[in-house]
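**Student:**
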Amino acid sequence: MGYNIIADLHTHTLASTHAYSTFSEMVRAAADRGLYALAVTDHAKTMPGSPRDWYFGCLCELPLYYRGVMTIGGIEANVLDFEGALDVEERDVPKLNWIVASIHNLGLEELRDPDVEKCTHLWLQVAKDPRVNVIAHSGDPNFAYDYDRVIQEFGANHKLVEINNHSFDARKRNIPNCTKIALACKKYGVPLVVNSDAHFEAQVGNFSHALRMLEEIDFPEELILNASEKRLNDYLRAYTNIFETRPY
25 MGYNIIADLH THTLASTHAY STFSEMVRAA ADRGLYALAV TDHAKTMPGS PRDWYFGCLC
85 ELPLYYRGVM TIGGIEANVL DFEGALDVEE RDVPKLNWIV ASIHNLGLEE LRDPDVEKCT
145 HLWLQVAKDP RVNVIAHSGD PNFAYDYDRV IQEFGANHKL VEINNHSFDA RKRNIPNCTK
205 IALACKKYGV PLVVNSDAHF EAQVGNFSHA LRMLEEIDFP EELILNASEK RLNDYLRAYT
265 NIFETRPY
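Position one of the sequence shown corresponds to residue 25 (this note's numbering), numbered consecutively onward.
1) Can you confirm whether the region 228–241 touches the region 125–140 when touching is taken to mean that 3 or more C-beta pairs between the two stretches lie within less than 8 angstroms?
2) Look at the alpha carbon of residue 69 and the alpha carbon of residue 203, and state the distance between them as a whole number of angstroms.
3) With a threshold of 16 other CB atoms inside 10 Å of the CB of residue 250, please say whether the residue is buried or exposed.
4) State buried or exposed for residue 186, treating a residue as buried only when at least 16 other CB atoms are found within 10 Å of its CB.
5) Only counting the same chain, and skipping five residues up and downstream in sequence, which positions put a Cβ closer than 8 angstroms to that of residue 118?
6) Can you look up residue 237 in the DSSP assignment and give me helix, strand or coil?
7) Are there 16 or more other CB atoms within 10 angstroms of the CB of residue 164, so buried, or fewer, so exposed?
8) Tell me the residue span of the alpha helix (DSSP H) that contains residue 146.
9) Decide yes or no for the touch test of the region 149–161 against the region 132–139: beta carbon pairs closer than 8 angstroms, at least 3 of them.
10) Less than 8 angstroms between the beta carbons of residue 110 and residue 121, yes or no?
11) Indicate whether residue 35 and residue 65 have their beta-carbon atoms separated by less than 8 angstroms.
12) Short of 7 angstroms in beta carbon distance, which residues of its chain neighbour residue 284, apart from the five on each side in sequence? Order them along the chain.
13) Helix, strand or coil for residue 107 per DSSP?
14) For residue 225, is the classification buried or exposed, using 16 other Cβ atoms within 10 angstroms of its Cβ as the cut-off for buried?
15) For residue 175, which option in 95, 61, 209 and 167 has the closest C-alpha, if you only look at C-alpha atoms?
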């Protein structure tokens, strides 16, 4: 089975300071790889070296199409506690087109001593957050959750579950749980997205590890949202503000 991924919906520019390409370079890479769309999702404020004030509120200044690629202005927000709080400034939300929610090992006191029950509650709260579009790289074994229960709630609340290609290199301990998450999506018919989590232009559109895993479990193509321009555009129209905030 072959998959044709047409959009990379989780990437970072040098605005995150631990990434190394500009917005223009990332879009050029997407164009060179024949991608239809690219989401730029730099890190929210709790991440060291994240962009400062005004950055996210001004993303609506970017052209909707650049170098022939649809550009989606977003943010990767950090989950801050077991109640699912995110470090997104409310003033920025109306200007953002795409919100990715994830957990990072930031030493937050509010996330100490995780267990399956606490992490299940955490993701159930995030599932209810109407601002969130994508649940990113959630396979960390330190923050394992009840995949059967939570994945169904992600689907019911129109959250897209991410299979993150970068995890197969940088977060190898996550790989068994990434497979479990994908199998739960397959079982319950919940759409997912395959993303590079690129921090450099050469990584844009690299989905090879993630796609290999999905092929191994015979994951249905129709449940991969970013394998179809129509599915992506239908989701953007229904669950984002992109065509209202960035019409040009």
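Every residue, glycine too, gets a C-beta built ideally from N, C-alpha and C.
**Tutor:** Walking through what the data contain:
1) no
2) 30 angstroms
3) buried
4) buried
5) 265 and 269
6) helix
7) buried
8) 140–151
9) no
10) no
11) yes
12) No answer is possible for residue 284: it lies beyond the span of the chain, which begins at 25 and ends at 272.
13) coil
14) buried
15) 209
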